[in-house]
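Residue numbers (my numbering): 5 to 604. Read through the structure below, which is laid out as structure tokens, and then see the notes.
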């Protein structure tokens, strides 16, 4: 090799080394800039102590290839949305390279004959861990995968926190959600009342799965102050002494019903009051328990008296004068072309999906006719049942899709209204889909009625699953994807038309909890018991298994094998505790499990 060639090689190596140093410095500076605007992010390492997980039929290798596929999709997504992935790479507590190992230690394992449902279950857990951050001594969960201006210092938005906590209560390690709750209650950087939500109810649901008296005692005063602040700020003394607010402050912009005494905030306040009473009972504070049970009862009676439309047989928003004035300010006063303001001092003229939120908290009284509202759930002409999922407003209303989308197409009406991405006047929203399915699961478990059944839950969950498959590029196969909202009516190239598809990895809804507590039917109880009531119709799946579910310090397995050939443990439905068979049935049905019962 001559000297000239050697010098050329050396020069190239020096240049490459120089650019490598520049790139490393740029990455350090970019990370420092993120930390300057937020806090110091920390990252999980698999060198941390491994906790033993007890399973019966499944192991983590069964979903490893799914995770490898999601990681490959992420790398493909970097090409189109580098800004999104760059932020996630710099802030996510569990990086993609460690995602399978972290999921292996923390999530329940799931198996069923429907590969889309199974793949989506693991995708939603994989996506969820992208949003877990460890910053300034707290674990938090983000909604948007990229930074947004209306979030708090750490990019946290409280609006979907109820869904996020319901979902992550099923992680083995409860500290993630306990820390998240501490963040909302105690961090100077958090905004716990930016949007309306059901934070205390979610804390109670966490405590049912991972009971902890010391945590509840420590947080009870914070929860009470949080509730009382909402109570003081949002009660309208001039209108039934009920809670009111805007559709925007629910995170549900441009609803047809608009601002007013809404089923949302009144249901959230009921749920939080009941939860505060239950948490108080858990730690022996009978005075607080009674006070907040009384508050909950008062809210329930007012919701039933004032928000139930006897003619429409549905819970609706009531347009108080403050709500009408706020509608005018938000919409008619600022938005050119706004044509519709609901009349004051009466119920609005539209049924909206938020009318099912009372059942999210088991609020409506039994056997008083309120169950009639669920006829609209299965009505594909005048109600909410669309080809792709649920419409957020009854499909027969003339103002469905009144707001134009920037990417205007034939499936969206053009009524002279403005263009926006955030529209709740008809589109399918995963946030609302989750609320409705939790409410339906509660109805099927806790109420006697013959209007809807397991088949309806199963069907809608399948619709919701299919809607979350999208194309990365034309001609590619559909892959798991979660954007913001979609069209309940139309498909294009074989997939659901998403109104706001970008960015992917949007975390404002639930899915895994709908599988665990809904479809497979793990229903947490206050006592040292567990109810298992699968909503899988008898003729749909020949087998399913949910394995390694951490519940009250034990590991639960729910296994169904119609003919015994899948899991080789006999026929029928079986429940195991820490690997011990404690209950079984020949067919699908409700089983109550005593966690202290001897094995069979």
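We treat Cβ as the ideally placed atom computed from N, Cα and C, and that holds for glycine. It should be emphasised that the depicted structure is a prediction, and the values quoted were computed from it without experimental measurement.
query: Under the DSSP definition of a beta bridge, which residues are partnered with residue 474?
result: 483
query: Taking the Cβ atom as the reference point for each residue, do residue 162 and residue 195 lie within a distance shorter than 8 Å?
result: yes
message: For residue 377 and residue 317, which I take to be in contact (beta-carbon distance under 8 Å), what is that distance rounded to the nearest angstrom?
response: 6 Å
Spatial distance of residue 152 from residue 92 (CA atoms): 13 Å
- prompt: In the structure shown, what three-state DSSP assignment does residue 104 receive?
  reply: In the structure shown, the three-state DSSP call for residue 104 is helix.
- request: Determine the direct distance from the alpha carbon of residue 576 to that of residue 567, and round the result to whole angstroms.
  value: 7 Å
query: Just checking, does the region 523-538 make contact with the region 497-513 on the three C-beta pairs under 8 Å criterion?
result: no
message: Going by C-alpha to C-alpha distance, which of 571, 481 and 133 sits closest to residue 171?
response: Nearest in C-alpha terms to residue 171, of all of 571, 481 and 133, is 133.
query: For residue 86, which residues from the same chain have a beta carbon less than 6 Å from its beta carbon, with the 5 sequence-adjacent residues on both sides left out?
result: Here the set comprises nothing.
message: Ignoring anything shorter than 3 residues, give me the beta strand (DSSP E) runs that lie fully in the region 502-561, in order along the chain.
response: Runs of the beta strand (DSSP E) inside the region 502-561: 526-528, 533-536 and 547-555.
task: Give me the Cα-Cα distance between residue 593 and residue 389, rounded to the nearest whole angstrom.
output: The straight-line gap from Cα to Cα measures roughly 27 Å.
message: Can you confirm whether the region 553-573 touches the region 486-499 when touching is taken to mean that 3 or more C-beta pairs between the two stretches lie within less than 8 Å?
response: No, the region 486-499 is not in contact with the region 553-573.
Assigned secondary structure, residue 616 (DSSP; H/G/I helix, E/B strand, else coil): Because residue 616 is not part of the residues shown, which for the chain are 5 to 604, the question remains open.
- request: Report yes or no: do three or more beta-carbon pairs, one from the region 234-241 and one from the region 399-406, lie closer than 8 Å?
  value: With contact defined as three or more Cβ pairs closer than 8 Å, the region 234-241 and the region 399-406 are not in contact.
message: Per DSSP, what are the beta-bridge partners of residue 138 in this structure?
response: 46 and 143
For residue 350, three-class secondary structure by DSSP: strand
- prompt: Between which two residues does the beta strand (DSSP E) carrying residue 234 extend?
  reply: Not the beta strand (DSSP E): residue 234 falls in the alpha helix (DSSP H), residues 217-238.
task: Would you kindly work out how many angstroms separate the C-alpha atoms of residue 460 and residue 173, rounded to a whole number?
output: 25 Å
- request: Return helix, strand or coil for residue 364, following the three-state DSSP convention.
  value: helix
query: Skipping 5 residues on each side, what residues in its chain have a beta carbon closer than 6 Å to that of residue 167?
result: 438, 513 and 514
message: Does the contact criterion of 3 or more C-beta pairs under 8 Å hold for the region 302-318 versus the region 254-269?
response: yes
field: DSSP-derived helix/strand/coil call for residue 490
entry: strand
Pairwise C-alpha distance: residue 554 and residue 598: Approximately 15 Å, taken between the alpha carbons.
task: Report the rounded CA-to-CA distance for residue 247 versus residue 364, giving the unit in angstroms.
output: 17 Å
query: Can you list, in chain order, the residues of its chain whose CB lies under 6 Å from that of residue 366, leaving out five sequence neighbours each side?
result: 446 and 450
- prompt: Which residues in the same chain as residue 201 place their Cβ atom closer than 7 Å to its Cβ, once the five residues preceding and following it in sequence are excluded?
  reply: 162, 163, 165, 166 and 272
field: Integer-rounded CB distance, given that residue 274 should sit under 8 Å from residue 323
entry: Between the beta-carbon of residue 323 and that of residue 274 there is about 21 Å, and that puts the pair past the 8 Å contact cut.
task: Tell me whether the beta-carbon of residue 154 lies closer than 8 Å to the beta-carbon of residue 74.
output: no
query: Among 56, 472, 48 and 49, which residue has its Cα nearest to the Cα of residue 552?
result: 56
task: Quick one: give me the first and last residue of the alpha helix (DSSP H) that residue 444 is part of.
output: Here the alpha helix (DSSP H) through residue 444 covers 434-450.
query: If we count the other Cβ atoms within 10 Å of its Cβ and call it buried at 16 or more, is residue 458 buried or exposed?
result: buried
- request: Just tell me which of 120, 83 and 79 has its CA closest to the CA of residue 101.
  value: 79
field: residue 587 - DSSP class collapsed to helix/strand/coil
entry: strand
message: Tell me the residue span of the alpha helix (DSSP H) that contains residue 166.
response: 165-172
message: In whole angstroms, give me the CA-to-CA distance for residue 306 and residue 590.
response: Each residue's alpha carbon lies about 44 Å from the other.
message: Once DSSP output is grouped into helix, strand and coil, what is the label at residue 248?
response: coil
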